[in-house]
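Chain order of the listed sequences is A and B. Residue numbering for the first sequence is 55 to 225, as defined by the working numbering. Residue numbering for the second sequence is 49 to 232, as defined by the working numbering.
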Amino acid sequence: MAELNTDSGGGRRGGKGRKRNNSASTKIDMTPMVDLAFLLITFFMLTTSFSQPQTMEVNMPDKTDDDRKMEIKESRTMTVILGEEDKVYWYMGYQHPEVQETDFAEQGIRRAVEQKSAILKEDLVVIIKPGKKSKYRNLVDMLDEIHIAKGNVRYSISSVSDRDLELIRNK
Amino acid sequence: MTAMCDMAFLLLTFFMLATKFKAPEVADVTIPASFSKNKLPESDLIVLSVEKSGAVFFGMEGEVDRGKLLDQIASRYKISYTSAEKKEFTRIPEFGTAISDLKPLLRATKSDRGRMQKGIPVDSTNNELKELVKLAKWTNPKAEIAIKADLDLDYPVVETIILTLQELDINKFKFVTSLQAKPE
Chain A
55 MAELNTDSGG GRRGGKGRKR NNSASTKIDM TPMVDLAFLL ITFFMLTTSF
105 SQPQTMEVNM PDKTDDDRKM EIKESRTMTV ILGEEDKVYW YMGYQHPEVQ
155 ETDFAEQGIR RAVEQKSAIL KEDLVVIIKP GKKSKYRNLV DMLDEIHIAK
205 GNVRYSISSV SDRDLELIRN K
Chain B
49 MTAMCDMAFL LLTFFMLATK FKAPEVADVT IPASFSKNKL PESDLIVLSV
99 EKSGAVFFGM EGEVDRGKLL DQIASRYKIS YTSAEKKEFT RIPEFGTAIS
149 DLKPLLRATK SDRGRMQKGI PVDSTNNELK ELVKLAKWTN PKAEIAIKAD
199 LDLDYPVVET IILTLQELDI NKFKFVTSLQ AKPE
């Protein structure tokens, strides 16, 4: 396949045998080189990973510092409990909760968060309580919903209490 | 032909220079998608990978830091490592064994390592992850902590890790995610 192409330089003129060698073409068959180049390109294109993973910042309250505990009005807290099979339960306040069930769809929990924060003058505080049977994905989805929800929303992550479980069961 | 060849080599050069070969990851983790656009830092980073099964892996960026970390582990657990073992430790991006099993892991062949790594103990009686993070923070106080958990991981495992970090007074950390388009 790879051979030096020597017969193209003035072959038709003929006669002057010696001189023809001197003026021989320097053209090389480049096909194998290009083949190899494309092979390597394909290899590097497929192995390159440009996408550096993204991160989500999470801040937890300081457990040891009791002085900085904040009191937040009941009316502006929303408790969101993440249940099994991507279910979401939420209620406002603490005293007389009306538990509602929803999901991560477009009209789901994000809509609820947006509606509630639109009514309030202050920030809405969402307390996320991932249940024992929820998946890590649910927590990430919930944090995402809060980040993209319109309005002033803050959040904190907490663990689910027996009262919350009772509320869900009696729903 | 010449033009095509030029192009081919231009692209080849580009991809060769742009490629960064990453050491193959030990933990088998599918990260969840999110809309967050913050990039994961490339240095000063401690990555806690959690597989779907709940096995926890510990990783630290930077060969120098990993070398120092092994010195810390050696003095804390009174284990001495040979220089060959130390060199091997700087090469592996993450590991998932109890600290007592670290020495056999570093001596094992690459093919045997997969099944040797069952995760770092995180139970309350023997929380080696806590010790590792503490030592790693001593090694590099600037290091940030990223949790790279599988999307189908049960939440209680994540909670255990978060509580472990909180015990160490680390209240700020990152979740590693992949980018997803933002809905409008």
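Here a beta-carbon is modelled for each residue, glycine too, at the ideal position from N, C-alpha and C. The structure presented is a predicted model; accordingly, all values stated were derived computationally and were not measured.
Between the C-alpha atoms of residue 189 (chain B) and residue 173 (chain A) there is a straight-line separation of about 44 Å.
Those residues of the segment 133 to 145 of chain A placed with their C-beta closer than 8 Å to a C-beta in chain B are 136, ordered along the chain. Going by DSSP, residue 92 (chain A) is part of no beta strand (DSSP E) but of the alpha helix (DSSP H) stretching over 85 to 101. The Cβ neighbour count for residue 186 (chain B), taken over all protein chains shown within 10 Å, is under 16; the residue is labelled exposed.
Taking 8 Å as the threshold, the shortest C-beta distance from residue 98 (chain A) to chain B falls below it. Taking each of B:86, B:167 and B:207 in turn and checking the Cα distance to residue 106 (chain B), the smallest one comes out for B:167. Residue 141 (chain B) does not reach chain A, its nearest Cβ partner there being about 14 Å away, counting only Cβ pairs nearer than 9 Å. Not flagged as an interface residue toward chain B: residue 196 (chain A), since no C-beta distance is shorter than 8 Å.
Residue-level contact by beta carbon holds for residue 204 (chain B) and chain A, with a gap shorter than 8 Å. Identification of chain A residues near residue 224 (chain B) by a Cβ-Cβ cut-off of 9 Å yields 107, 108, 109 and 110, ordered along the chain.
In the structure shown, residue 154 (chain A) falls within a strand segment according to DSSP collapsed to helix, strand and coil. With 16 or more other Cβ atoms from the protein chains shown falling within 10 Å of its own Cβ, residue 84 (chain B) counts as buried. For the 8 Å CB-CB criterion, residue 190 (chain A) and residue 80 (chain B) form a contact.
If you keep only unbroken alpha helix (DSSP H) runs of at least 4 residues inside the segment 78 to 132 of chain B, you get 111 to 125. Counting of Cβ neighbours within 10 angstroms places residue 90 (chain A) among the exposed residues, the total staying below 16. Under the DSSP definition of a beta bridge, residue 143 (chain B) partners with B:106. Counting only Cβ-Cβ distances below 8 Å, residue 91 (chain A) has contacts in chain B at 53, 56, 57 and 60, in chain order. Taking the beta carbon of residue 184 (chain A) as reference, the chain B residues within 9 Å of it are 203, 204, 206 and 207, listed in sequence order.
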